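Residues 180 to 524 (the numbering used here) are what the sequence shown spells out, left to right.
Cβ coordinates follow ideal geometry from the N, Cα and C atoms, glycine included.
In this text, all values refer to a predicted model and were calculated from it rather than measured experimentally.
Notes follow the structure.
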Amino acid sequence: MPFNGRPRATKGLVAPQSGYPTTRMRRVRSEDWSRRLVRENQLSVDDLIWPVFVHGGTEPRIPVETMPGTVRYSVDALGEAAKEAADLGIPVIAVFPQVDAELKDGIGTYAVTDNNIVCQAVQAVKSEAPGIGVMCDAALDPFTDHGHDGLLENGAIQNDATVEVLVQQAVLQAKAGCDVISPSDMMDGRVGAIRAGLDAAGFEHVMIMSYAAKYASGFYGPFRDAVGSASTLGTASKSTYQMDPANTDEAIREVALDIAEGADMVMVKPGMPYLDILRRVKDAFGVPTFAYQVSGEYAMLKAAADNGWLDMDRVMPESLMAFKRAGADGILTYFAIEMAKRLRG
Ligand code: PBG
180 MPFNGRPRAT KGLVAPQSGY PTTRMRRVRS EDWSRRLVRE NQLSVDDLIW PVFVHGGTEP
240 RIPVETMPGT VRYSVDALGE AAKEAADLGI PVIAVFPQVD AELKDGIGTY AVTDNNIVCQ
300 AVQAVKSEAP GIGVMCDAAL DPFTDHGHDG LLENGAIQND ATVEVLVQQA VLQAKAGCDV
360 ISPSDMMDGR VGAIRAGLDA AGFEHVMIMS YAAKYASGFY GPFRDAVGSA STLGTASKST
420 YQMDPANTDE AIREVALDIA EGADMVMVKP GMPYLDILRR VKDAFGVPTF AYQVSGEYAM
480 LKAAADNGWL DMDRVMPESL MAFKRAGADG ILTYFAIEMA KRLRG
């Protein structure tokens, strides 16, 4: 029995069935009311997490070229955007910074600098929309001049030294008012270390949503453009810390470790190409499980729709429903505002 209390269709096919013509599958599909009646999954505003980009300048909205329809907000404009999201009922907003090039260095100093752009963004959201949750990434890639999530020594990512910086970053974000720390770096042991660090600093109430099964994916391309790590990273790969797209069992081990280390919620990323992982994780652990419909997925749908090749009104809800069907409790999606408006009617 899965933990979500719903027998899975594939396991539930034990009832004796008579065949056609006694059984006609189309009967309950024939009317709108009966289709609604037998619908197995629902998408609601409560399922949506809105990832947003924030920059340090004064321009209220700078379009992200590779993600048409999304922008980088100034801190002030982000406050207003958060208010709109809160009014729509979106539960939580995830903040990602675009850091000025001159603030970047090899060790990501600005990530642990008081009142940095992330802290300012958290405070702006909290003052304009006190009821909305704020989530922040723990990772160094927006802050390093080499674009990696961790500290580099002789070309190799230093796991344990990186974890120490991530703990400081998480505590700084918690001090600014962040509700959910979201380690996206894939270092070993970071969830346990961040939990201990938060607790020691008096932030035992701050939640952790770990990017537990995060793959080394080409689908992050537009995001790296949005936060400005595409140019710093260049052609370097994150394969020594993010997962191999060929693996499934490894995802189960990653998630098990993060839960054991204190993760309150776990995430699978990217989304649509990894629905099998999502289903396995949800069935295996039954913890709050989230999918990230990443920048490349957004860009693909948007580009096709903008060319008239796909109907956005159909593919946006369909792509999000796929995550619910695969077991997600919620979805990080750049469509959050548009989808929330539609769900609100
Ligand atoms: C940073 C981070 C990335 C994403 C979220 N946090 C990029 C990466 O790991 O290179 C990707 C989000 C997206 O593509 O929408 N560690």
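Straight-line Cα distance separating residue j from residue i
i	j	result
proline 276	valine 406	6 Å
alanine 379	aspartate 443	18 Å
isoleucine 431	threonine 237	44 Å
alanine 303	phenylalanine 322	20 Å
aspartate 490	arginine 208	23 Å
phenylalanine 232	alanine 463	33 Å
glycine 248	proline 242	7 Å
valine 346	methionine 204	54 Å
lysine 520	aspartate 339	43 Å
aspartate 492	alanine 483	12 Å
aspartate 358	histidine 384	8 Å
Residue i Cβ short of 7 Å to ligand 1 heavy atom set
i	result
tyrosine 289	no
tyrosine 399	yes
alanine 300	no
valine 217	no
alanine 335	no
serine 209	no
arginine 403	yes
lysine 305	no
aspartate 320	yes
serine 474	yes
aspartate 328	yes
lysine 417	yes
serine 541	Examination of residue 541 is not possible in this model, given that the chain is present from 180 through 524 alone.
aspartate 225	no
Local Cβ density within 10 Å of residue i, reported as buried at 16 or more and exposed below that
i	result
valine 434	buried
lysine 481	buried
alanine 507	buried
tyrosine 199	exposed
alanine 372	buried
asparagine 486	exposed
aspartate 328	buried
threonine 411	buried
methionine 314	buried
alanine 194	exposed
leucine 499	buried
proline 309	exposed
aspartate 437	buried
Cβ separation of residue i and residue j, assumed to be a contact under 8 Å, to the nearest whole Å
i	j	result
threonine 512	leucine 227	6 Å
proline 424	alanine 395	7 Å
threonine 341	leucine 330	5 Å
isoleucine 516	alanine 273	Incorrect: roughly 13 Å between the Cβ atoms, too far for contact.
alanine 260	glycine 326	No, alanine 260 and glycine 326 are not in contact; Cβ-Cβ is about 26 Å, not under 8 Å.
Cutoff 8 Å; reference residue i; Cβ partners in own chain excluding five residues on either side
i	result
proline 239	Tyr252, Ser253, Asp255 and Ala256
Neighbourhood of residue i by C-beta distance below 7 Å, restricted to the same chain and skipping five residues each side
i	result
glycine 184	Low per-residue confidence applies at glycine 184: pLDDT is 49, beneath 50, and the placement is therefore not dependable enough to give any value.
serine 213	Val207
6 Å Cβ shell around residue i - same chain, five flanking residues per side excluded
i	result
methionine 180	Because methionine 180 carries a pLDDT of 40, less than 50, the predicted location of this residue cannot be relied on, and no value is offered for it.
methionine 451	Glu476
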